[in-house]
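Enquirer: Read top to bottom, the protein sequences are chains U and P.
Here the first sequence stands for residues 392 to 780, where the numbers follow the working numbering.
Here the second sequence stands for residues 392 to 780, where the numbers follow the working numbering.
Got a structure for you, questions after.
Protein chains: 2
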Amino acid sequence: MRILVLGGDGYLGWPTAIHLSAAGHDVAVSDNFVRRRYDEELGVESLTPIATLDERVSTWAELTGKTLKSYVGDLCDARFVHAMVADFRPETIVHFGQQRSAPYSMIDQAHAVYTQTNNVVGNLNLLYAIADIDRDIHLVKLGTMGEYGTPNIDIEEGWIEINHKGRSDRVMYPKRPGSFYHLSKVHDSHNIEFACRIWGLRATDLNQGVVYGVDTETTKLDPRLATRFDYDGVFGTVLNRMVIQAVLGYPLTVYGTGGQTRGLINLVDTVECIRISAESPADPGEFRVFNQFTEHMSVRQIADTIAADYPGPCTIEEIENPRVEAEQHYYKAAHTALVDLGLVPTLLSDTLIDHLFAVVEQHQDRVDQAAIMPTVRWRETSSELVRSK
Amino acid sequence: MRILVLGGDGYLGWPTAIHLSAAGHDVAVSDNFVRRRYDEELGVESLTPIATLDERVSTWAELTGKTLKSYVGDLCDARFVHAMVADFRPETIVHFGQQRSAPYSMIDQAHAVYTQTNNVVGNLNLLYAIADIDRDIHLVKLGTMGEYGTPNIDIEEGWIEINHKGRSDRVMYPKRPGSFYHLSKVHDSHNIEFACRIWGLRATDLNQGVVYGVDTETTKLDPRLATRFDYDGVFGTVLNRMVIQAVLGYPLTVYGTGGQTRGLINLVDTVECIRISAESPADPGEFRVFNQFTEHMSVRQIADTIAADYPGPCTIEEIENPRVEAEQHYYKAAHTALVDLGLVPTLLSDTLIDHLFAVVEQHQDRVDQAAIMPTVRWRETSSELVRSK
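This is the structure in C-alpha cells:
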C-alpha cells in the first residue's frame, strides 16, 4: 500500500514511517521541520540525539534496502499539499503533521492562534487535496483523548447514541477539551466529519492517549534511526518526564493531587495502531473514530509505578497544577475497536521500564534540568508582543 | 452601558448599533469593510443603496445627537483588537464581525480556509483581549442555528443533559453543521466555552436563525441609515431572495423539494435580542447559549407564504439542491430563553411583507438578475489558483 506520513520527522511520525516500511508498504514522509524549530525557540532539545531526516532516510535504505521518498514543505501551503498528493498518489495518508503540545498552545495569544491556524488550515488543505485528486484516499488522522475532557458519563469511540425526550440519534460525542491545542483537534474532527459527509471521503480519527517510550523494533536497529524523546515542561509527556526525574534523583512531580486519569499507550503500540488502521480502511463516506490507548491510570498511579520500578531512591512531590482541570473525576473510556482489529496491547506492567531508565542514563548529560518544570499557566494570559526570559 | 459592536457596518451590525444607541447605550462600532469587498469580488451589490460608515455615523449624530465612536481595523490583527478594547473599555462586546455566508465558504479551498481563519482567529484575539484587559466584559457572540444540523432529537439551547449507561452529565449539544462557514461558528463556540472555563469569562452565544427584513424603527429614520439587503445566490438569505424573485416576476426557487426546515427571525427581533442579551448578561464563567429565532418553517412553506402574500402572479419552482443536506427531517428546536428575558416575537404572519415588496420595487432597477441563482455546489471542489468567469 502507498502510504504518505505527514509529520514524518517527528516523535511518532518517524517510527511510524519505518514501521510501515518494514511491514512492506511503499512509504513517503513529509515534514517542514518546525518541531526542531520549537526546540530552538524553547532552548531545549531531545534527550536522544536525532539525525537529520536525510540521514534517517539514507540509514534506513542502507540497512533495509527500502526507499522512503521525502517531501519538505508546509501543510499550510495549499499548493505544496496538492502537488505532493498528486505526485505520490497515496492510498493512505497518515496525518501527524501538527503542533501537538497543549502547554505550547497556552503560552500566549500568538501561540494559541498559531496552533489553531497551523493545525486547522493544514488539515483543511489536506481535505481539499484529497477531494480534488482522489476521494478514495483513506485519511488516518491523529487526534487526542484530551478532546473528550472528563465527562461524568462513559466516553465512547467518537460517536454516541443519545436518547432524549423519547427520540434517539447517533451523534458525534460531545467534546470539552482542555487547551487551545486540544480544541484544534476538535475543530479538525468536525471538519473531517463534514468532508466525509459531503465528498464521500473515508477517514479514521485516532483519539490517542499519552504516549510513552522511545524505541520500537525498527528504531533500535541503529542510533541514527532513533526518534526524539522530550522531557521538558512544554513538550514532554507525563511518563517520559517522570522517568527522567527518577534517573536524575529528583522528586517525580505530580500536578495537584495527581487524581487526573489519562489513557496511556506505548510507542510500540502507536505504530501498530497506525498500521492496523491503514490496512483496514474506513468505508467511503465513513468518519470512523478509534480511541487509541491501551490502559488508563491516574497521574499519581503513573508516578507510583515508576517509583516502584526504579532501582534507586525515588520520591513523589505534588506541585501547583498549572492547568485548569478536574483532579478527581469519573473516567471510563471505551477502547475496543483497535483490539477488535488485531491490536495486542503492550501494557505498562509488562513493559521493561528498565530499558527506558537505561536510555535516560545513557544520555543524562544532555538534560537541561531547568526545563523540566512547567512554566505555562492556563489561567494567565499575555498579549505581549515581545517575550524575554 | 458601554457596548462595542464588531462588524458594525454590516447587515445586522449597523441596525444593532443604532438600536442600542437609541436605547440609551454608549455605543462604538468596528469594521474592516471586508463585506463591501466581497461585493466587489462577486460583482454584486446591496439592493438598497448604503452610505459609508462615516456618513451613517454623522447622519445618526445629526438626527439624534448621539455619537458613535468608530474603529477601523481587522480583528485578525491582535494589536488592533487589544488597543481597541483597551481604548473603549466596553462592558459588552457584540461580535458580528465575521464572514457569514455558507456558500462563500464553499466556493473553493481558498474561501474555506479564509472563512475559518478569519472567523476563528478574530474570535481568539477577542478572547485574549478580554482576558488580558477586563475579564468582566460580557461577550455576545453571533452563531447560527445551522451549527446544529438536523438531528433526529430535539435541539436544545446549546447544552443538553445526557443519560448514558446509568449516568448523566450536562454537555455541549453535539453539532453537525452543513458548511465550512457553519463549522467556523462551531469552532468559535468551543473556544469560547473553554475561555469561560479557564479565565472566568462571561459569554452569550446566539445561535441565530435565518434573518429576513430590511428595516428597523431606527434605520427607517433616514435613507442614509439604511442597512444592506442581499439577494444574490452567495449572500442572500432565503426569504429576502424570494421576495425579490416575486417582485421581478420570476419563479420562487426552492432548493430540492424544499422540505428543509429553518428557524426564522425578523431583523427587528434580531436587534432586540442583542439588546436583551446585553442588558441581562451571563454570569462570570458562564457560557450561555440562546437559540435566536422566533418560528420555524420549511423552505417550501416560506415560498408558499410569499406567493400567497404577493399581490401579483407568483409561481414556485424546485431546482437542484446545490447543498448537501437532508430535505426531509425531524425538526424541533427550543427557543424560549430570549422570550423568558422579554423578547416579544414579530412573526412572519404578523409582518407586513408588503413593506418588503415595496422596498424591492423601489430599487428593482439595481437587481442583477444573473446573480440570484446559486452557483456554488457543495459536492464540487477546486484548488485552482486562478478563477475566472
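The C-beta atom is built at its ideal place from N, Cα and C for all residues, glycine as well.
Taking 8 Å as the threshold, find out whether the region 658-678 of chain P comes into contact with the region 706-725 of chain P through three or more Cβ pairs.
Expert: Output reads no: the region 706-725 of chain P does not touch the region 658-678 of chain P.
Enquirer: Ignoring anything shorter than 4 residues or poking outside the region 663-737 of chain U, list the alpha helix (DSSP H) runs there in chain order.
Expert: Entirely contained in the region 663-737 of chain U, the alpha helix (DSSP H) runs reaching 4 residues are, in chain order, 690-700 and 728-731.
Enquirer: Quick check: the Cα distance between V758/U and R770/U, rounded to an integer number of angstroms?
Expert: Approximately 28 Å, taken between the alpha carbons.
Enquirer: Considering just the uninterrupted stretch of the beta strand (DSSP E) at D523/U, what are its terminal residues?
Expert: Counting along the chain, D523/U falls outside any beta strand (DSSP E), though it belongs to the alpha helix (DSSP H) covering Q500 to I524.
Enquirer: Measure the alpha-carbon distance for T706/U versus P642/U and round it to whole angstroms.
Expert: Spanning the two alpha carbons is a distance of roughly 5 Å.
Enquirer: Return no unless some Cβ of chain P is closer than 8 Å to the Cβ of V504/U.
Expert: Judged by the 8 Å Cβ criterion, V504/U is in contact with chain P.
Enquirer: State buried or exposed for N631/P, treating a residue as buried only when at least 16 other CB atoms are found within 10 Å of its CB.
Expert: The residue in question, N631/P, is buried, as its Cβ has 16 or more Cβ neighbours within 10 Å.
Enquirer: If you reduce the DSSP assignment to three classes, tell me which class G534/U lands in.
Expert: If DSSP states are grouped into helix, strand and coil, G534/U belongs with the strands.
Enquirer: Could you pull out every unbroken beta strand (DSSP E) segment of at least 3 residues lying fully inside the region 609-665 of chain U, listed in chain order?
Expert: The qualifying runs are 643-646 and 652-657.
Enquirer: How many whole angstroms separate the CB atoms of F748/P and V625/P, which I take to be in contact at a CB cut-off of 8 Å?
Expert: No, F748/P and V625/P are not in contact; Cβ-Cβ is about 23 Å, not under 8 Å.
Enquirer: When the distance is taken between beta carbons, is V662/P closer than 8 Å to H410/P?
Expert: Yes, these two residues count as a Cβ contact at 8 Å.
Enquirer: Please state if the CB of Y572/U and the CB of Q490/U are separated by a distance shorter than 8 Å.
Expert: Yes; because the gap between Cβ atoms is below 8 Å, this pair is in contact.
Enquirer: For the candidate residues E432/P, I484/P, T407/P and A637/P, whose alpha-carbon lies nearest to that of P702/P?
Expert: Nearest of E432/P, I484/P, T407/P and A637/P to P702/P, Cα basis: A637/P.
Enquirer: Could you give the uninterrupted runs of the beta strand (DSSP E) lying entirely in the region 429-484 of chain P, keeping only those of 3 residues or more?
Expert: Within the region 429-484 of chain P, the complete beta strand (DSSP E) runs of at least 3 residues are 460-463.
Enquirer: What residue ranges within the region 542-598 of chain P form continuous alpha helix (DSSP H) runs of no fewer than 4 residues, ordered along the chain?
Expert: List check, alpha helix (DSSP H) in window: 571-590.
Enquirer: Quick one: using the 10 Å Cβ neighbour count with 16 as the cut-off for buried, is H502/U buried or exposed?
Expert: It counts as buried.
Enquirer: Buried or exposed for N554/U, going by 16 or more other Cβ atoms inside 10 Å?
Expert: The residue in question, N554/U, is exposed, as its Cβ has fewer than 16 Cβ neighbours within 10 Å.
Enquirer: Who pairs with S421/P in a beta bridge, going by DSSP?
Expert: DSSP, once it has assigned bridges, lists L397/P and Y462/P as partnering S421/P.
Enquirer: To the nearest angstrom, report how far apart T789/U and V504/P are at their CA atoms.
Expert: Here chain U covers residues 392 to 780 and nothing more, so residue 789/U does not appear.
Enquirer: For V645/U, which residues of its own chain have a beta-carbon under 8 Å away from its beta-carbon, when the five flanking residues on both sides are left out?
Expert: Excluding residues within five positions, the ones whose Cβ falls inside 8 Å are V690, R691, A694, I707, E708, E709 and I710.
Enquirer: Is the distance from the Cβ of L515/P to the Cβ of N582/P below 8 Å?
Expert: Yes, the pair counts as a contact, with Cβ atoms nearer than the cut-off.
Enquirer: Report all residues from its chain with a CB closer than 8 Å to the CB of Q719/U; omit the five preceding and five following residues, and keep chain order.
Expert: If we look at Q719/U and ignore the five residues flanking it on each side, its Cβ neighbours are T648 and G650.
Enquirer: I'd like the span of the alpha helix (DSSP H) that includes V750/P, first residue to last.
Expert: Taken as a continuous stretch (DSSP letters only), the alpha helix (DSSP H) holding V750/P covers I744 to H754.
Enquirer: Looking at the unbroken beta strand (DSSP E) that takes in Y603/P, where does it start and where does it end?
Expert: Here the beta strand (DSSP E) through Y603/P covers V601 to Y603.
Enquirer: Tell me which residues share the same chain as A477/U and place their Cβ nearer than 6 Å to its Cβ, disregarding the 5 neighbours each side in the sequence.
Expert: The residues are I524.
Enquirer: Alpha helix (DSSP H) containing G404/P: first to last residue?
Expert: G404 to A413 is the extent of the alpha helix (DSSP H) around G404/P.
Enquirer: If we ignore side chains and look at the alpha-carbon of each, how far apart do G654/P and Y722/P end up?
Expert: Cα to Cα, the separation comes out at about 10 Å.
Enquirer: For A724/U and I546/U, which I take to be in contact (beta-carbon distance under 8 Å), what is that distance rounded to the nearest angstrom?
Expert: Contact holds; Cβ gap of about 4 Å.
Enquirer: Look at the alpha carbon of T735/P and the alpha carbon of V531/P, and state the distance between them as a whole number of angstroms.
Expert: Sequence inspection shows Val at residue 735/P; the Thr mentioned does not correspond to that position. In a straight line, the C-alpha of V735/P is about 20 Å away from that of V531/P.
Enquirer: Determine, using beta-carbon pairs with one atom in the region 419-436 of chain P and one in the region 450-463 of chain P, whether at least three such pairs fall under 8 Å.
Expert: Yes: at least three Cβ pairs fall under 8 Å.
Enquirer: Who pairs with H529/P in a beta bridge, going by DSSP?
Expert: Looking at the DSSP assignment, H529/P forms a beta bridge with T483/P and R593/P.
Enquirer: What are the start and end residues of the alpha helix (DSSP H) that includes P494/U?
Expert: Here the alpha helix (DSSP H) through P494/U covers A493 to S496.
Enquirer: Thinking N510/P and D596/P are a contact (beta carbons under 8 Å), I'd like their distance in whole angstroms, please.
Expert: Not a contact, Cβ separation roughly 13 Å.
Enquirer: For E548/P, is the classification buried or exposed, using 16 other Cβ atoms within 10 angstroms of its Cβ as the cut-off for buried?
Expert: Burial call: buried.
Enquirer: Within the 8 Å Cβ cut-off, does R679/P reach chain U?
Expert: Cβ-Cβ to chain U under 8 Å: no for R679/P.
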